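Under full-length UniProt numbering, the sequence shown has 70 at position 70, and the numbering climbs by one with no breaks.
Scroll down for the structure; my scribbles are underneath it.
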Amino acid sequence: MSARERTPATWWAQTLAGIACGFVLALLASALFVRLGQSIAPPTRTQLAMWLMPPVWLGVAGGVYFFPTGRHAWAWLGGASLLGILLYSLTRP
Numbered sequence: 001m002s003a004r005e006r007t008p009a010t011w012w013a014q015t016l017a018g019i020a021c022g023f024v025l026a027l028l029a030s031a032l033f034v035r036l037g038q039s040i041a042p043p044t045r046t047q048l049a050m051w052l053m054p055p056v057w058l059g060v061a062g063g064v065y066f067f068p069t070g071r072h073a074w075a076w077l078g079g080a081s082l083l084g085i086l087l088y089s090l091t092r093p
């Protein structure tokens with residue numbers, strides 16, 4: 001298989017990586033916004049956090065096809081998810 005050739009198996013792997021890891025990254029972005037945005041009034045902060053999730057999730061799910069293979073997508077997005085979880089745990093009050 002050449003580097004440019006895409007197969008349905010690659011598409012499935014990339015799609016699942018975008019859905020699963022994208023959700024985790026979107027949830028982490030929202031949680032970090034709530035945790036680090038203490039200077040914003042609580043009702044506004046929670047609304048912004050809620051509306052932050054869909055664009056992040058859709059951005060990751062749409063951008064996953066720039067990875068050459070599903071394995072690359074899982075590795076990079078999984079690593080970003082783990083890094084986000086670490087960052088979230090380090091910002092614990």
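Positions of the beta carbon are idealized from the N, C-alpha and C atoms, including for glycine.
All values reported here derive from a predicted model rather than from experimental measurement.
Rounded C-alpha distance that separates residue i from residue j
| i | j | result |
| --- | --- | --- |
| Q47 | S30 | 10 Å |
| G78 | L28 | 13 Å |
| T91 | G37 | 12 Å |
| G62 | T69 | 14 Å |
| P93 | T44 | 21 Å |
Spatial neighbours of residue i in its chain, beta-carbon cut-off 6 Å, leaving aside the 5 residues before and after
| i | result |
| --- | --- |
| V64 | Q14, A17, G18, A73 |
Residue i, DSSP secondary structure in three states
| i | result |
| --- | --- |
| F23 | helix |
| T10 | helix |
| P93 | coil |
Segment limits, alpha helix (DSSP H) that includes residue i
| i | result |
| --- | --- |
| A41 | From DSSP, A41 is part of no alpha helix (DSSP H); its letter is neither H nor E. |
| Y65 | From DSSP, Y65 is part of no alpha helix (DSSP H); its letter is neither H nor E. |
Residues near residue i by beta carbon distance below 7 Å, same chain, minus five either side
| i | result |
| --- | --- |
| F67 | Q14, A73, W76 |
Contacting residues, own chain, Cβ-Cβ under 8 Å from residue i (five flanking each side not counted)
| i | result |
| --- | --- |
| L25 | V56, W57, V60, L77, A80, S81, G84 |
| M53 | A26, L27, A29, S30 |
| F23 | W57 |
| T10 | T69, G70 |
| F33 | R45, L48, A49, L52 |
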